[in-house]
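Residue numbers (the working numbering): 14 to 656.
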């Protein structure tokens, strides 16, 4: 009957045939409705609400749709040219129609004329993809097989479903309307990215797509870059840091790690979240050799189970997606928290520089303070990423060694000898690196201090013709700085070469051990697992020495920042509001000195009262202390006694 004419023995049951025919009929119905709507829009000339989705992702999806269309047209042409089949008349219609449907889907991926058409296209995509997915799953469960053309089309349907999700996310994402005509001049608080964008946009990082498209079309200007939210602003970061800094200073006045303690208390929750992402990524990377071993063993079986094969593919997809997403979230949040740390420390250094006493200014020149911001604060910005790299690299190495023991057994022991040698050699190296880095930073600070003093006194140097002497002094300081910089770089090079060569020796030793020990099978699964595990070990082996170097530099920078932030500050002078006393300036038996430990103070027994509106002249010989008195009134000179 008609069912035999339609199905023609292609499906295992009449219900499957009817379901597939129903899917094709639904697609044809959607196609006819969209063609009718397009004709109506062309007749009306309605192009005001035209909506283009011409992005790279949708272009790729449309390209796959075109390939699926060509595949269906080609299969229909092959059926037409093949003269051996006697029941292919219905397929000569079905496959070209499916090819036309895929062409229509490809066109709809890049262009929707009206909002109603866009909604209809979304309904078509979702229903088409879900129905095909349910039909293919049912076919796999009953027949344990699937045609190549149907499987390839299924993958394109899944891409189509993702495309529908992206369009829905863009529709429901929070987009501020154009309020340029009634926007206030003084902006209030700025929302962060977690409040400005939908969860799907944050999950897929699609919130950055408009900026990337704009940057692809033309060079970006400052107005194109979205503002940072208040949670990422320097003021918020500084307030959080300085609050925890003051708590640390009050509770632990003798501590030498106040900056590290304040940063830890302020950002420990964010660091835990980043650590979770880093752990998931390390676990996913370490699971790859296990899946590879399972795939190799599965390929060697004579009686292969389809369910087991699909399970392996699903596990591999899940592991790789987890690895990719966790790595992206780790990198993004680590850089974001590092930006907050850098902003907080830079603001703290700036505020401290305004309150430095005269004695502290002698210990920290202008060049050194610039170095605190340009070098030390910048290193703290890189600290979150390198910190988690520092502990995930050994963890990943432990995972790799455990996998080697599981598959290579006792043959792993010869390969652990180079690893143990490199680990034990790392301890004296780390101490040497810290000493070299500290000496390099001290030499750099000494050169910057000398340069600052020379530039401030350049007139006197020119007048006395001392240029050559100070030129030689700067050359000597530069030579000392270059010596320590060379030591740091040479030590980094030696350590990098050592760790880069380790995987080669380890893999060679393990394979040789497999050949020596009779209990370890030296087959394809074992060799591929060992080589894959070596690739897992290569990244932590390469990154671990660099992470150690960066963490040592961060430790040196934290010590330098601690010395600067706990240095002496200007004394806060008590000020009256003018209603209690008529005096503008009043000093009673004040003793002041530039050096607090000096035996002879600069000013002694100063009593002074200046009423409001009075004109006062300070007279005296050169060196009598006129400028010192003004500095004492301003609070620049430390007060030893008096009020």
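All residues carry an ideal CB built from backbone N, CA and C; glycine is no exception. Quantities reported herein were computed from a predicted structural model and do not represent experimental measurements.
Nearest-angstrom beta carbon gap, residue 43 and residue 137 [assumed within contact, 8 Å]: 4 Å
Could you name the residues of the same chain whose beta carbon sits closer than 7 Å to that of residue 93, not counting the 5 residues immediately before and after it, in chain order? 105
Would you mind sorting residue 272 into buried or exposed? The rule is 16 or more other CB atoms within 10 Å of its CB. buried
Neighbourhood of residue 165 by C-beta distance below 7 Å, restricted to the same chain and skipping five residues each side: 81 and 84
Give the straight-line distance between the Cα atoms of residue 555 and residue 509, rounded to the nearest whole angstrom. 7 Å
In terms of DSSP beta bridges, what is residue 625 paired with? DSSP output for residue 625 lists no bridge partner at all.
7 Å Cβ shell around residue 518 - same chain, five flanking residues per side excluded: 431
What separation, rounded to the nearest whole angstrom, lies between the Cα atoms of residue 478 and residue 261? 51 Å
Whole runs of the alpha helix (DSSP H) within the stretch 441-526, excluding any shorter than 4 residues: 471-477
Which residues does DSSP pair with residue 2 in a beta bridge? Because the chain spans 14 through 656 in this model, residue 2 falls outside it and cannot be assessed.
Given residue 450, which residues of its chain have a CB within under 7 Å of its CB, disregarding the five upstream and five downstream residues? 501, 565, 566 and 569
Residues bridged to residue 369 by DSSP? 582
When the distance is taken between beta carbons, is residue 407 closer than 8 Å to residue 284? no
Of all the CB atoms in chain C, is at least one closer than 8 Å to the CB of residue 178? No chain C is part of this structure, which consists of one protein chain only.
Checking the sheet assignment: what are the DSSP bridge partners for residue 567? BP columns for residue 567 are empty, so no partner.
Between the C-alpha atoms of residue 55 and residue 231, what's the straight-line distance to the nearest angstrom? 32 Å
Mark residue 582 as exposed unless 16 or more other C-beta atoms lie within 10 angstroms of its C-beta, in which case mark it buried. exposed
Cα-Cα separation, residue 481 to residue 291: 55 Å
Give me whichever residues DSSP pairs with residue 598 in a beta bridge. 623
Excluding sequence positions up to five away, which residues of its chain have a Cβ less than 6 Å from the Cβ of residue 418? 425
Classify residue 152 as buried or exposed, calling it buried when 16 or more other Cβ atoms lie within 10 Å of its own Cβ. buried
Measure from the alpha carbon of residue 604 to the alpha carbon of each residue in 571, 646, 626 and 448, then state which is nearest. 646
Whole angstroms are fine: how far does the CA of residue 384 sit from the CA of residue 453? 13 Å
Among 539, 227, 309 and 277, whose alpha-carbon lies nearest the alpha-carbon of residue 420? 539
Suppose you measure from the CA of residue 631 to the CA of residue 644; what does that come to, to the nearest Å? 13 Å
With distances taken Cα to Cα, identify the nearest neighbour of residue 446 among 486, 558, 134 and 254. 558
Close beta carbons around residue 487, own chain, < 8 Å, minus the five adjacent residues each side: 460, 463, 464 and 467
Starting from residue 389 and walking both ways along the alpha helix (DSSP H), at which residues does that stretch end? From DSSP, residue 389 is part of no alpha helix (DSSP H); its letter is neither H nor E.
So, helix, strand or coil for residue 377, using DSSP? coil
Distance, residue 580 Cα to residue 370 Cα: 8 Å
Residue 544: which of 516, 245 and 455 sits nearest, CA to CA? 516
Could you tell me which of 411, 562 and 484 sits nearest to residue 506, measuring between CA atoms? 562
Quick one: what does DSSP say residue 319 is sitting in, helix, strand or coil? helix
Rounded to whole angstroms, what's the CA-CA distance from residue 91 to residue 528? Just pull it up for me. 52 Å
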